Amino acid sequence: MEEDSTLRKRNLPGESLKPSTSETKLQPSSSNVPSDDDEDDPNKDEERLDKLRELLPQASDKLGSMVDSTLSALPDRWRNWVVRGLLSIVMISLFWFIVRRGATWLMALVFLIQLKCFNEIIKIGLAVYRLYDLPWFRALSWYFLVTSNYFFFGESLIDYWSIVLNKDVIEYVVFVGIPYLVLEFLHSLVVHHRLISFVMYIAGFVWFVLSLQKGFYLRQFSLFAWTHVSLLLIVSQSFMIIQNLLQGIIWFLVPVSMIICCDIMSYIFGFFFGKTPLIKLSPKKTWEGFIGGAFSTIVFGLILSSLLMRNPFFICPVESYNEDHLNCTIPPTFK
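Taken in order, the sequence shown gives residues 1 to 335; the numbers are from full-length UniProt numbering.
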């Protein structure tokens with residue numbers, strides 16, 4: 001009876017709850033959790049948006065004090081034009097340098113972009129759900145990224161890297177320098193790949209269950225779902241991009257180049273001719289820029305694909321990481 005009265009007393013309205021020792025550690029997060037009444041308060045919404053803007057990085061047109069001082073005499077409109085132009089030249093040059101290095105460098109580029117995209121999305125999720133104080137959640141998100149990459153890319157790249165396992169061991173020890181034990185380890189990863197992937201995911205799920213904190217179940221499961229949706233969008237796209245890349249660089253280069261062209265030409269047409277807003281989400285985008293960018297991209301795609309399909313470097317499938325794929329049998333698509 002004493003226990004029941006205690007429980008009833010805790011539920012009396014107007015009485016404050018004293019946090020326990022374990023809950024005190026999570027107090028910074030819990031203090032920011034909005035109540036049901038706050039959800040309809042526009043002032044509270046503005047405060048939360050301001051806090052999110054502080055936590056998340058914002059876009060900037062600055063290139064450093066030296067460059068900014070040089071461009072200070074220009075109007076803001078033309079300063080933005082120069083900044084975008086300089087950055088476009090640098091990025092396109094770096095991209096073309098990586099393309100000329102071959103498929104392996106492009107795979108590394110895809111992985112780097114994937115890591116950056118996942119980092120940005122997880123930062124948004126952590127900021128929105130205010131879970132920075134909850135233990136292991138950032139590490140759990142990255143663990144599931146590693147697990148997903150191991151499953152998807154291990155499955156797709158087994159054939160690409162199996163040349164290492166099927167060649168004579170002595171040849172690789174002498175010419176490539178891969179020790180015998182490393183080859184045996186790689187072979188075991190190939191043979192038991194799906195089992196290892198399953199065990200890694202189950203271990204992550206158990207880790208998540210052990211990290212649950214009382215009073216924060218809903219938000220922890222929400223971010224758990226956020227992580228999985230992010231993995232579905234990012235890792236699956238990376239997987240399909242690399243699958244296309246292994247069929248020939250042209251299948252990667254043409255779509256990516258068309259996106260770059262569309263972005264550049266939409267900005268140029270919008271800059272000079274834009275008058276009609278396109279969408280409220282991005283007020284600077286205009287119908288003139290959209291139409292001009294779309295037409296330019298179609299023409300650019302036709303010209304680029306006709307040029308690339310004449311070069312074996314771009315159309316030959318990647319059969320192994322160490323063989324020259326410039327002398328392949330031309331695929332029927334390009335004959």
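Idealized CB from N, CA, C, for every residue including glycine.
These numbers were taken from a predicted model, which means no experiment stands behind them.
Excluding residues up to 5 positions away in sequence, L304 lie with their Cβ nearer than 7 Å to the Cβ of S257 in the same chain. One alpha carbon belongs to L134, the other to W207, and they sit about 13 Å apart. In this structure, K280 lies away from S266, with their beta-carbon atoms at least 9 Å apart. A buried status is given to I315, since no fewer than 16 other beta-carbon atoms sit within 10 Å of its beta-carbon. Here G270 really is in contact with G289; their C-beta atoms are around 3 Å apart, less than 8 Å. For secondary structure counted as the alpha helix (DSSP H) over 4 or more consecutive residues, the segment 177-263 holds these complete runs in sequence order: 180-191, 193-211, 217-246. For T70, no pairing in a beta bridge is given by DSSP.
With 16 or more neighbouring CB atoms inside 10 Å of its own CB, S148 falls in the buried class. I124 places its beta carbon 9 Å or farther from that of T227.
DSSP, reduced to helix, strand and coil, places P277 within a strand of the structure shown. Taken through DSSP and simplified to helix, strand or coil, T333 comes out as helix. Fewer than three Cβ pairs drawn from the segment 234-241 and the segment 185-196 lie within less than 8 Å of each other, which leaves the two stretches out of contact. Burial of M107 is indicated by the presence of at least 16 other C-beta atoms within 10 angstroms of its C-beta. F313 is the residue among L94, I298, V82, F313 whose C-alpha sits nearest the C-alpha of L245. DSSP places P312 in the uninterrupted alpha helix (DSSP H) bounded by 312-315. Boundaries of the alpha helix (DSSP H) around T104: 103-129. Where L304 is concerned, the enclosing alpha helix (DSSP H) starts and stops at 287-308. The Cβ neighbour count for A103, taken over all protein chains shown within 10 Å, is at least 16; the residue is labelled buried. If you draw a straight line from the Cα of I92 to the Cα of I98, it is about 10 Å long. By the neighbour-count definition (other C-beta atoms within 10 Å, threshold 16), T297 is a buried residue. Between F272 and S197 a beta carbon distance of about 52 Å is seen, past the 8 Å cut, so the two are scored as non-contacting. Counting the other Cβ atoms within 10 Å of the Cβ of V209 gives fewer than 16, which makes it exposed. The DSSP-derived three-state label of W142 is helix. DSSP places L94 in the helix class (H, G or I) of the three-state scheme. Shortest Cα-Cα distance from F111 to any of M240, W81, N311 involves M240.
Taking the C-beta atoms as reference points, F137 is found nearer than 9 Å to S211. A residue is called buried when at least 16 other Cβ atoms come within 10 angstroms of its Cβ; R219 meets this threshold and is buried. Between Q213 and L195, the alpha-carbon positions lie close to 30 Å from each other. S88 and V229 have their alpha carbons spaced roughly 31 Å apart.
Here the alpha carbon of T70 sits roughly 53 Å from the alpha carbon of M200. When secondary structure is reduced to three states using DSSP, S282 falls in the coil class, being assigned neither helix nor strand.
In its chain, beyond the 5 residues on either side, M309, I315 have a beta carbon closer than 6 Å to the beta carbon of F334.
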